[in-house]
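J.: Chains as they are written, first to last, in our numbering: chain A, 17 to 325; chain B, 7 to 121.
We treat Cβ as the ideally placed atom computed from N, Cα and C, and that holds for glycine.
If you're wondering where the values come from, they're calculated on a predicted model, not measured in any experiment.
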Amino acid sequence: MKTYSISILVCAAFIAGCAAHAPRELVNAREVYRRASTGPAAQVAPAELHVATQALDKAEKSFKEDPDSYVTRDLAYIAQRRAEIAEATASIIFEQKGNTLAKKDYQEMQTKIVEQTKQDLTQTRTALAESERSGESSAAKLSVEQDARIASDQRAATAQTDRIAAENRALAAQAALAKLGEVKNEPRGIVVTLSGSLLFASNVTTLLPAAMARLDQVAEVLLNNSERRLMIEGHTDSQGTNSHNLQLSQGRADAVRSYFIQKHYRANLIQAQGFGETHPIADNSSAEGRANNRRVEIIIERDPTVSSQ
Amino acid sequence: MFIIAISIVLGCTSPLLRTEASTSGIRAAEEVGAAGVPQASLHLLLAKEELEKAIEFSKNDERKKAESMLLRSEVDAELAVALSREDTEKIEGRAAVARVRQLRQDNSPTPVNPL
């Protein structure tokens, strides 16, 4: 600072004493130096300004010794450039500081943004995980419901298939039995009526050989529906005593039952009962009527899965 | 090319004229892009002219004038370098400030439309 002050005083003295004779280069140098020494260069580029001061001092000295020489002009020119270099250096340092601050500001902002982004990302991940957990729970629930629905549908389909199969079997059995005897569809079940004269000789409970062949055909149809309960009913005409007819009809019903059991129909599903002459279906006063009353009825229980018609 | 030409010329002149500082200053100014900065390019041009003048003085056996002119050339080349650097720093500074502003703008909350 002391050097600068001296230089300024020297400059001022020369300006005062020799302003009229100073070359243009020196005048310019003084002006630029004054500007530089009072500007930012004094603070941020003291080394460069010091060089400028020395240059101007040399120029002033030369001017004092030889005012009009090219040496003075060149030294003044150089002094002006040195002052300009000091100013430019100050400007560079100023800009560099600004750049550094801007870069620091930029980095701090970036760091802050990255931190904020990380926080946001963490929150988003948490929310997403929660959402996924909720989604998985819903998906699992949905899956169970779907499985239950599928199972239910399958059960319904199976039941429907079974029902159709049962209906088909019933229809087939009914058609087959219709070929073997009179078949009636009554509320108590399918009733197959076999003529007593075809099955038994008069007043006996032993099956005729021909009857066995007919019963074989019936048994074959029944075994295809072997889960049905059977009721074998024996009936007689009104000839003879009631007790005898009752006993005769029971014996004939038992004989048919035994035959079916022999053919592997389950015994617990077959019941046999004799009704004697108590359930006539025709007039006993005629031979034809009595022949119709002598009969064995096989009642096949309805399939519970088949809707009644 | 200019530097090479000057070197050839110097080969034919006085061997005592030391132009290294001037030529290296001019080369440095060219390398930092002084030709592309208006103020710097002016001083680069002056530095070259002054170097040529110095050589002319040297050819004419005006050694002191030549040396004095070389000093002018050197200082003009030096100023061209400083002005180039200043321009570069200013450009970088403006870009840095613009980046900061853009980053602020990009990350500021979206203003709510009052309508």
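Applying a beta-carbon distance threshold of less than 9 Å, which residues of chain A neighbour N113(B)?
T.: Within chain A, the residues near N113(B) are M125, K128, I129 and Q132.
J.: Keeping to the same chain, check which residues put their C-beta closer than 6 Å to that of E84(B); ignore five residues upstream and five downstream.
T.: Same-chain partners within the cutoff: G31.
J.: Is A68(A) a contact residue of the ligand GDP, with contact defined as CB to any heavy atom under 7 Å?
T.: This structure simply doesn't include the ligand GDP, nor any ligand for that matter.
J.: So, at 8 Å on beta carbons, what are the nonlocal neighbours of A40(B) in its own chain, with the 5 sequence-adjacent residues on each side left out?
T.: Contacts found: A46, S47, H49, L50, A86, V87, L89 and S90.
J.: Could I get the ranges of all uninterrupted beta strand (DSSP E) runs contained in the stretch 260-313 of chain A, with 3 residues as the minimum, in chain order?
T.: If we require 3 residues or more, the beta strand (DSSP E) runs fully inside the stretch 260-313 of chain A come out as 286-290.
J.: Looking only at C-alpha atoms, which of Y122(A), A106(A), A99(A) and Q170(A) sits nearest to R100(B)?
T.: It is Y122(A) whose Cα lies nearest to the Cα of R100(B).
J.: I want to see whether chain B comes within less than 8 Å of V87(A), judged by CB atoms only; does it?
T.: So yes, V87(A) belongs to the interface.
J.: In three-state terms, what does DSSP make of G256(A)?
T.: Note: G256(A) maps to coil in three-state DSSP.
J.: Nearest CA to the CA of A104(A): which residue from V60(A), Q255(A) and A307(A)?
T.: Here the closest residue by C-alpha is V60(A).
J.: Please work out which residues of its chain come closer than 6 Å, Cβ to Cβ, to R57(A), disregarding the five sequence neighbours upstream and downstream, and give them in chain order.
T.: Before going on, a small fix: residue 57(A) reads as Ala here, not Arg. Result list for A57(A): L65, A102, E103 and A106, in chain order.
J.: Cα separation between L57(B) and K128(A)?
T.: Cα to Cα, L57(B) sits roughly 54 Å from K128(A).
J.: Mapping DSSP to helix, strand and coil, what is E249(A)?
T.: Residue state, collapsed to three classes: strand.
J.: Flag G55(A) as yes if its beta-carbon sits less than 8 Å from any beta-carbon of chain B, otherwise no.
T.: Chain B, which has no Cβ nearer than 8 Å to the Cβ of G55(A), makes this no.
J.: Can you find a CB in chain A that lies within less than 8 Å of the CB of D82(B)?
T.: Yes, its Cβ sits closer than 8 Å to a Cβ of chain A.
J.: On the DSSP letters alone, give me the boundaries of the beta strand (DSSP E) that N201(A) sits inside.
T.: Its beta strand (DSSP E) spans residues E198 to E202.
J.: Return the residues of the stretch 83-111 of chain B that lie within a Cβ-Cβ distance of less than 8 Å from chain A, sorted by chain order.
T.: Within the stretch 83-111 of chain B, the qualifying residues are E84, L85, A88, L89, R91, E92, E95, K96, E98, G99, A102, V103, R105, V106, L109 and R110.
J.: Considering only residues of the same chain and omitting the five flanking positions on each side of T222(A), which have a CB-CB separation below 8 Å?
T.: Result list for T222(A): F216 and A271, in chain order.
J.: In angstroms, rounded to a whole number, what distance separates the CA positions of L264(A) and L210(A)?
T.: Each residue's Cα considered, the two are about 16 Å apart.
J.: Please name the residue or residues paired with V67(A) in a DSSP beta bridge.
T.: Per DSSP, none; premise fails for V67(A).
J.: Can we say the stretch 110-122 of chain A touches the stretch 89-97 of chain A, given the rule of at least three CB pairs closer than 8 Å?
T.: No, they do not touch.
J.: Using beta-carbon positions only, say whether I248(A) and A288(A) come within less than 8 Å of one another.
T.: Their beta carbons are under 8 Å apart, which means I248(A) touches A288(A) by this criterion.
J.: With a threshold of 8 Å, are at least 3 pairs of Cβ atoms found where one atom belongs to the stretch 239-254 of chain A and the other to the stretch 280-295 of chain A?
T.: Counting Cβ pairs under 8 Å, three or more are found: they touch.
J.: Looking at the secondary structure, which residues open and close the beta strand (DSSP E) in which V208(A) lies?
T.: It spans G205 to S211 - the beta strand (DSSP E) in which V208(A) sits, taken as one unbroken run.
J.: Does the stretch 68-86 of chain A come close enough to the stretch 37-47 of chain A that 3 or more CB-CB pairs lie under 8 Å?
T.: Touching, yes, given that three or more Cβ pairs across the two stretches are closer than 8 Å.
J.: Of the residues P44(B), R69(B) and M75(B), which one's Cα is nearest the Cα of T29(B)?
T.: Of P44(B), R69(B) and M75(B), the residue nearest in Cα terms is M75(B).
J.: Which residues bound the alpha helix (DSSP H) around D112(B)?
T.: Note, D112(B): alpha helix (DSSP H), R69 to N113.
J.: Measuring only the C-alpha atoms, how far is G267(A) from L238(A)?
T.: For G267(A) and L238(A), the distance between alpha carbons rounds to 21 Å.
J.: Mind listing the chain A neighbours of S74(B)? Cutoff is C-beta to C-beta under 7 Å, in chain order.
T.: The contacting residues are Y86, V87 and D90.
J.: Compare the C-beta of Q135(A) with all C-beta atoms of chain B and state if any pair is closer than 8 Å.
T.: Chain B, which has no Cβ nearer than 8 Å to the Cβ of Q135(A), makes this no.
J.: Assuming contact is defined by CB atoms lying nearer than 8 Å, are E95(B) and Q126(A) in contact in what I supplied?
T.: Not in contact: E95(B) and Q126(A) (Cβ atoms no closer than 8 Å).
J.: Could you work out which residues of chain B lie near N44(A), taking near to mean beta carbons separated by less than 9 Å?
T.: Result: empty, since nearest Cβ-Cβ is about 13 Å, beyond 9 Å.
J.: Going along chain B in order, which residues have a C-beta closer than 7 Å to the C-beta of D121(A)?
T.: Near D121(A) (Cβ distances below 7 Å), the residues of chain B are V106.
J.: Got a sec? Which residues, its chain only, sit under 7 Å from S242(A) by beta carbon, not counting five neighbours each side?
T.: Counting only Cβ-Cβ distances below 7 Å, and skipping sequence neighbours, we find Y281 and R282.
J.: A364(A): buried (16+ other C-beta within 10 angstroms of its C-beta) or exposed?
T.: The structure shown does not extend to residue 364(A), since chain A is modelled only from 17 through 325, so no value can be given for it.
J.: Looking only at its chain, what residues have a beta carbon closer than 6 Å to the beta carbon of G332(A), apart from the 5 residues adjacent to it on each side?
T.: Look at the range of chain A in this structure, 17 to 325, and you will see that residue 332(A) is not part of it.
J.: Looking only at its own chain, which residues have a Cβ that is under 7 Å from the Cβ of I286(A), when we skip the five neighbours before and after it?
T.: L246, I248, R273, F276 and I277, listed in sequence order.
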